[in-house]
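**Q** In this note's numbering, the protein residues as written are 7 to 374.
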Amino acid sequence: MTTVRLEKVSKTIGATPVVRELDLVVGDGEFVTLVGPSGCGKTTTLRMIAGLEEVTSGRLYIGDRLANDVPSKDRGIAMVFQSYALFPHMTTAQNIAFGLKIRKVPGDVVARKVSWVLSLLNLKGLENRRPRDLSGGQRQRVALARAMVVDPEVLLLDEPLSNLDAKLRIKMRAELKRIHRQLKTTILYVTHDQVEAMSLSERIAVMREGRLAQVGTPLDIYRKPTDLFVAGFVGSPTMNFFDGTIEQKEGKATIATRAFELALPEPVWQRCKTHKGKTVILGIRPEHIYRRGSSRIKEVSGNTVKAVVTVVEPLGDRVIVEVERSDVRFTLVLPEEARMVPEMAVTAVFDMEHCHLFDRASGKRIAP
Ligand SMILES: Nc1ncnc2c1ncn2[C@@H]1O[C@H](COP(=O)(O)OP(=O)(O)O)[C@@H](O)[C@H]1O
Ligand SMILES: [Mg+2]
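1. Examine ligand 1 and report whether any of its heavy atoms sits within less than 6 angstroms of the Cβ of residue 47.
2. Verify the contact flag: residue 18, CB atom, against every heavy atom of ligand 1, threshold strictly below 6 angstroms.
3. Measure the alpha-carbon distance for residue 245 versus residue 367 and round it to whole angstroms.
4. Tell me whether residue 351 is buried or exposed, calling it buried when 16 or more other Cβ atoms sit within 10 Å of its Cβ.
5. With distances taken between CB atoms, is the gap from residue 221 to residue 211 smaller than 7 angstroms?
6. Please report the straight-line C-alpha distance between residue 166 and residue 172, rounded to a whole angstrom.
7. Just to confirm, is the Cβ distance from residue 56 to residue 162 under 7 angstroms?
8. So is residue 16 buried or exposed if we call it buried at 16+ other beta carbons inside 10 Å?
9. What are the boundary residues of the beta strand (DSSP E) that includes residue 289?
10. Since residue 233 and residue 370 are thought to touch, with beta carbons under 8 angstroms apart, how far apart are those beta carbons, to the nearest angstrom?
11. Out of 114, 154, 54, 224, point me to the one whose CA is closest to residue 101's CA.
12. Give a yes or no on whether the C-beta atoms belonging to residue 223 and residue 214 are separated by under 7 angstroms.
13. How many angstroms separate the CA atom of residue 287 from the CA atom of residue 247?
14. Is the distance from the Cβ of residue 250 to the Cβ of residue 263 below 7 angstroms?
15. Residue 205 lies in the alpha helix (DSSP H); which residues open and close that run?
16. Locate the beta strand (DSSP E) running through residue 53, then write down its first and last residues.
17. Would you say residue 363 reaches chain B, if we count a Cβ-Cβ gap shorter than 7 angstroms as a contact?
18. Hey, out of 21, 44, 62, 67, whose CA is closest to residue 30's CA?
19. Would you list the residues sitting across from residue 211 in a DSSP beta bridge?
20. Measure the C-alpha to C-alpha separation of residue 229 and residue 362 and round it to an integer number of angstroms.
21. Just to confirm before moving on: does the CB-CB distance between residue 156 and residue 84 stay below 7 angstroms?
22. Counting only runs that start and end within the stretch 226-293, where is the beta strand (DSSP E) found for 3 or more residues in a row?
23. Tell me whether the stretch 293-301 and the stretch 328-342 touch, counting them as touching only if at least three CB pairs, one residue from each stretch, are closer than 8 angstroms.
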């Protein structure tokens with residue numbers, strides 16, 4: 007176990023900046039997820055940490071040691087690649103033992119460790135199969151076993167679950183959490199899937215175009231996204247966004263969109279006073295909009311919007327409902343009993359305590 011610290015780490019490939027001044031700390035034994043859309047620089051970041059790619063500028067520390075120029079094999083790091091990169095001609099056991107053999111670990115120790123990791127990852131009985139005779143999930147576990155068997159100080163995982171079907175992915179998510187709890191290895195995990203990031207890790211680092219957009223616990227990021235990008239990236243279904251103008255009439259603060267007006271709670275108004283008369287972006291998550299009559303929040307003056315249902319997506323326990331008022335559309339999530347159908351009229355109740363305001367030009371969070 008150790009820490010990984012990136013200080014203003016950048017990577018330029020040719021003339022293209024791929025990673026830009028990245029500051030990130032992964033604590034001893036911590037599980038951090040780097041998440042962001044495809045092409046934002048996640049794999050490049052992992053490859054720099056693993057020593058497979060040179061750092062163009064900035065400092066990379068592993069433990070207390072400046073590691074920029076430390077050879078890959080001396081970094082105490084194991085990486086699992088998106089493609090698994092198993093040796094096709096080797097069996098499960100041989101694939102797993104490979105890293106130990108090249109480190110000249112004695113045979114009896116190799117046997118003991120391979121046996122240990124086979125149990126840990128539920129691979130017993132598959133020792134003598136070759137990769138082509140394993141399922142996707144089994145191959146993925148062999149790749150993980152191969153990385154874990156060398157007792158790395160740091161484990162780097164690059165979208166290790168992306169080739170699995172949805173059900174297996176959820177199962178492996180829980181497995182990974184269990185393994186981490188058992189071993190307490192420092193893990194930096196990469197995914198483009200925000201749901202996976204939210205559910206797996208202690209902290210999330212959201213990347214966009216080579217830069218770090220926000221770092222925090224899943225809940226921090228869900229509750230206080232720092233800008234429009236993070237707000238839209240995290241959460242499913244996606245947050246609703248409306249252009250709106252902040253106004254103050256007869257002592258009441260409101261935000262007026264093209265189709266409706268909503269009252270701003272006092273703490274929000276205090277933070278956005280400076281934007282009075284200006285157009286901002288109001289964000290509110292689908293799960294924070296209710297239907298009239300549900301007991302979740304009180305209906306008060308200025309938190310309801312009459313709308314018409316346009317699309318209904320049943321999920322079993324819940325339904326995602328898209329509604330429309332004067333060409334402005336938004337989404338809400340309702341319990342299945344709501345029995346919504348297109349064309350139905352609904353009164354949506356906005357929980358404005360959970361609203362977010364963003365600056366229109368910069369996209370930065372204004373309030374609350
Ligand atoms: N060898 C390379 N030459 C030029 N561009 C590259 C090279 N490797 C990666 N890139 C570019 O760097 C960006 C980040 O890539 P990558 O780190 O693989 O992103 P991610 O893993 O987040 O999808 C992408 O736009 C990609 O096209
Ligand atoms: Mg990648």
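All C-beta atoms, glycine included, are put in the ideal place defined by N, C-alpha and C.
**A** On the basis of the supplied data:
1. Taking 6 angstroms as the cut-off, the C-beta of residue 47 counts as close to a heavy atom of ligand 1.
2. No.
3. Taken atom to atom, the span from the alpha-carbon of residue 245 to that of residue 367 is near 19 angstroms.
4. Answer is exposed; the Cβ neighbour count stays below 16.
5. Yes; because the gap between Cβ atoms is below 7 angstroms, this pair is in contact.
6. Their backbone Cα atoms lie some 13 angstroms apart in a straight line.
7. Contact flag set, yes.
8. Under the 10 Å beta carbon count, residue 16 is surrounded by 16 or more other beta carbons and is classified as buried.
9. DSSP places residue 289 in the uninterrupted beta strand (DSSP E) bounded by 285-290.
10. Contact flag correct, Cβ pair sits at about 5 angstroms.
11. Nearest of 114, 154, 54, 224 to residue 101, Cα basis: 154.
12. Between residue 223 and residue 214, the C-beta spacing is not below 7 angstroms.
13. Taking the straight line joining both Cα atoms gives about 6 angstroms.
14. A contact, by the Cβ cut-off of 7 angstroms.
15. Run containing residue 205: 200-206, per the alpha helix (DSSP H) assignment.
16. Where residue 53 is concerned, there is no enclosing beta strand (DSSP E), although the alpha helix (DSSP H) it sits in stretches over 48-56.
17. Reference to chain B is not applicable here, since this structure consists of a single protein chain.
18. Residue 30 has its Cα closest to that of 67, out of 21, 44, 62, 67.
19. Answer by DSSP bridge pairing, in chain order: 40, 221.
20. Going by the C-alpha atoms only, they are around 9 angstroms apart.
21. Their beta carbons are under 7 angstroms apart, which means residue 156 touches residue 84 by this criterion.
22. Scanning the stretch 226-293 for uninterrupted beta strand (DSSP E) segments of 3 residues or longer gives 246-255, 258-262, 267-269, 285-290, listed from N- to C-terminal end.
23. The answer is yes - the stretch 328-342 touches the stretch 293-301, with three or more Cβ pairs under 8 angstroms.
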